[in-house]
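First the structure, in the form of structure tokens, and then the observations on it.
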DNA sequence: CTGTTAGCGCCTTCAT
DNA sequence: ATGAAGGCGCTAACAG
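Protein chains in written order, with UniProt numbering: chain A, 1 to 335; chain B, 1 to 335.
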């Protein structure tokens, strides 16, 4: 059976209060006493019950990660990043998928908050921009950090990259290679990043004096299937583009497959480039040019900001982390 | 703020015990009373605290899903399957990645069990065959269900497909198409299924009187990279095989990519077949022949078996679910 | 059928 | 610097 704080206190010859103090790293415990307690904890392999701590205290040492994404690779990346930091800090993460288009979304989130005593929540796109979720969180007064939110930037700490600049840079690269007719596959309409990436693409085209062609800009859904379909459409056009820019890696893999199916050499007949949100591109299209979005690191940073906040009462939330390309910069909000 | 059972009892004009009875669907509550309580619950949007229930009762309405797998698609499949059933039953799932090769594995699991009050655990491969994890679970006397375990079949309920027969069937198919030199990529050595699939392949070859060639059987790791490497090795051999059997879909995608890179037509120059553990193949290699392993359904069935057990005190654990191809059969253990 | 009385394991005032 | 007492929200025997 699991051992309890009472057994530890007996073993160490102190009161449970003292053990609790040691557990929570509180001051005013004589070093010698602290050592004895720590020894007893180790000897009994004691682990405080999350349920009991949540019930008694105002902290639960649990945070939740919300997501609603079509890409298993993406989900795995954010889960891994968030968990990595939580383990370091002795926190537990609740991975919670949700449906941003559901009518019950607000109720679902409220239920999660009521059932589970959480210390904070991380929102990943497109949940980062869900008005219902944000409202429920604010109502419950729970701290939250958003990954790559598109709007209301000042209502919460956030972690993001500059999608527009990144898309612009990739487009510059393609143009630099001599491409003038470049296809673009837009991401899922629910994701704000989709539009930001499109904007960056367009801005680069304009800067290079290249006219847009409507049929070269196709809607996708951030998943393999939609990328494959859009790729096929463009690659079978009478005058097909010489390059295709996919807004994420799943769609890029789809385009690559379409090219292969049509017997086109990559990058001989058709160049493919785009965002690598989840390191999938490193596997599927290693020779191609991508902007690597450090998804795992974004989630890691989000967890850190959140947990720092619960430790210090919210002070550190005044920071935001900007990850641009491979450069990580940290800057203070104007606040 | 979250409302409590006490507020519900006040609103309904009954004692908290009665509310608790309604919550837990216990008998001996007058229908009229039950209705009044349910109304109050709905009106106050009351959700019982998981922490409080876990502390007070012997049930927590929480189970854990353990995994240690290189494939994000696989992880997502089992998470989705398990969660789907848990939501139906009002349970919460804790997704817990672990490292079966870690020296701290036993401690990690013991920690999970001590911190979280769980009603049961689902093990997915290769955790299903981890002696440490199984020992920790048995020590804690917690019910657990294993997905596709390789050994000690009677120590727990299990959910599985017949990997050997499936591999045999696929091989038969390839031979039926006229292939005599078939490459085989073995799965991760930690997974029992890897060996079972190899055995099925070999048995089919033997039955058809085809001699094995050592260089046509290559070790893989169930991930894209290893499949890609093994595929390249075989496709660049002086006398390359006419077909390749990949032990899972990630490796199959790797082989497919290798074939494309080498300018080989699929399935013209090289046939590719194998297991589709995660529906990845449906996307990446739709025209190819695969055995679909219903991973999501396996996890769903595992969750059902586990929760049924907690409801009925373990009786239903005498059942096992066999999913073979698209046929689902349920049969009683000899027990 | 319903209510009363104790805790579950821990944190949190308050004393000392 | 340490301990005693009370309670978090709920379930579990007991009475009625």
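Glycine residues also receive a C-beta, built at the ideal position from the N, C-alpha and C atoms.
Completely contained beta strand (DSSP E) runs for the UniProt domain "HTH lacI-type" (3-57) of chain B, where each covers 3 or more residues: DSSP runs (the beta strand (DSSP E)) wholly in the UniProt domain "HTH lacI-type" (3-57) of chain B: none.
One or two residues paired with residue 67 of chain B in a DSSP bridge: According to DSSP, residue 67 of chain B bridges with B:97.
Interface residues of chain A facing residue 116 of chain B [CB-CB closer than 9 Å]: 49, 50, 51 and 92, listed in chain order.
Against chain B: residues of the region 63-90 of chain A by CB proximity under 9 Å: The region 63-90 of chain A vs chain B, Cβ under 9 Å: 71, 72, 73, 74, 75, 76, 77, 79, 80 and 83.
Nearest-angstrom beta carbon gap, residue 182 of chain B and residue 235 of chain B [assumed within contact, 8 Å]: Contact flag wrong, Cβ pair sits at about 13 Å.
Coarse secondary structure for residue 104 of chain B, derived from DSSP in three states: The answer is coil: DSSP assigns residue 104 of chain B none of H, G, I, E or B.
Through-space distance from residue 115 of chain A to residue 12 of chain B, alpha-carbon basis: When rounded, the distance between both Cα atoms is 21 Å.
Residue 50 of chain B and residue 58 of chain B closer than 8 Å at C-beta: No, the pair does not count as a contact, with Cβ atoms beyond the cut-off.
Delimiting residues of the beta strand (DSSP E) encompassing residue 202 of chain B: No beta strand (DSSP E) holds residue 202 of chain B; the alpha helix (DSSP H) holding it covers 192-207.
Expected contact under 8 Å - CB spacing of residue 145 of chain B and residue 306 of chain B to nearest Å: Residue 145 of chain B to residue 306 of chain B, Cβ: 5 Å. Contact.
Residue 87 of chain A versus residue 6 of chain A - alpha carbon distance: Using only the alpha carbons, I get a separation of about 26 Å.
Any chain A beta carbon closer than 8 Å to residue 2 of chain B: Contact with chain A is found for residue 2 of chain B, since one of that chain's Cβ atoms lies less than 8 Å from the residue's Cβ.
Within 8 Å, strictly: CB atoms of residue 91 of chain B and residue 79 of chain B: Not a contact, by the Cβ cut-off of 8 Å.
Proximal residues to residue 160 of chain A (C-beta, below 6 Å), its chain only, five neighbours per side dropped: Answer for residue 160 of chain A: 148, listed in chain order.
C-beta neighbour in chain B for residue 264 of chain A, strict 8 Å: Not one chain B Cβ lies under 8 Å of residue 264 of chain A.
Chain A contacts from the region 165-185 of chain B (Cβ-Cβ distance under 8 Å): Per Cβ criterion, the list is empty.
Enclosing beta strand (DSSP E) for residue 276 of chain B [first to last residue]: From DSSP, the beta strand (DSSP E) with residue 276 of chain B extends over 271-276.
DSSP state of residue 160 of chain B mapped onto helix, strand, coil: Three-state DSSP puts residue 160 of chain B in a strand.
Distance between beta carbons of residue 250 of chain A and residue 227 of chain A, contact taken as under 8 Å: Cβ-Cβ separation between residue 227 of chain A and residue 250 of chain A: approximately 6 Å, consistent with a contact (criterion under 8 Å).
Residues of the region 245-262 of chain A whose Cβ lies closer than 7 Å to any Cβ of chain B, in chain order: Taking 7 Å as the upper bound on Cβ-Cβ separation, chain B lies near residues 257 and 260 of the region 245-262 of chain A.
Distance between residue 89 of chain B and residue 132 of chain B (C-alpha atoms, nearest Å): Roughly 30 Å separates the two Cα atoms.
Burial state of residue 153 of chain A (16 or more Cβ within 10 Å): So residue 153 of chain A counts as exposed.
Any C-beta of chain A under 8 Å from that of residue 123 of chain B: Under the 8 Å criterion on CB atoms, residue 123 of chain B is classed as non-interfacial with respect to chain A.
Assigned secondary structure, residue 178 of chain B (DSSP; H/G/I helix, E/B strand, else coil): Note: residue 178 of chain B maps to coil in three-state DSSP.
8 Å Cβ cutoff, residue 111 of chain B in contact with chain A: Yes, residue 111 of chain B counts as interfacial toward chain A.
Reduced DSSP secondary structure (H/G/I, E/B, other) of residue 138 of chain A: The answer is helix: DSSP assigns residue 138 of chain A an H, G or I state.
Residue environment, residue 239 of chain A, which counts as buried when at least 16 other CB atoms sit within 10 Å: Under the 10 Å beta carbon count, residue 239 of chain A is surrounded by fewer than 16 other beta carbons and is classified as exposed.
Against chain A: residues of the UniProt domain "HTH lacI-type" (3-57) of chain B by CB proximity under 9 Å: For the UniProt domain "HTH lacI-type" (3-57) of chain B, the set of positions with a beta-carbon nearer than 9 Å to some beta-carbon of chain A reads 3, 45, 46, 47, 48, 49, 50, 51, 52, 53, 54 and 55 in chain order.
Proximity test, residue 236 of chain A beta-carbon vs the ligand ATP heavy atom, cut-off 7 Å: Questions concerning the ligand ATP fall outside what the structure shown contains, since it holds no ligand whatsoever.
Own chain partners of residue 340 of chain A with C-beta closer than 6 Å, once the 5 adjacent residues on each side are dropped: A query on residue 340 of chain A cannot be resolved here, the shown segment of chain A reaching from 1 to 335 and no further.
Under 8 Å (Cβ pairs) to chain B, residues found in the region 202-225 of chain A: Those residues of the region 202-225 of chain A that come within reach of chain B (Cβ to Cβ, closer than 8 Å) are 224 and 225.
Assigned exposure category for residue 15 of chain B - 16 Cβ within 10 Å defines buried: By the beta-carbon neighbour count (other beta carbons within 10 angstroms, threshold 16), residue 15 of chain B is exposed.
Residues within the region 129-141 of chain A neighbouring chain B, beta-carbon criterion of under 7 Å: Flagged: no residues at all.
Chain B contact for residue 95 of chain A (CB, 8 Å cutoff): For residue 95 of chain A, the nearest beta carbon of chain B is closer than 8 Å to its own beta carbon.
Cβ-Cβ distance between residue 128 of chain B and residue 194 of chain B below 8 Å: No, Cβ-Cβ distance for residue 128 of chain B and residue 194 of chain B is not below 8 Å.
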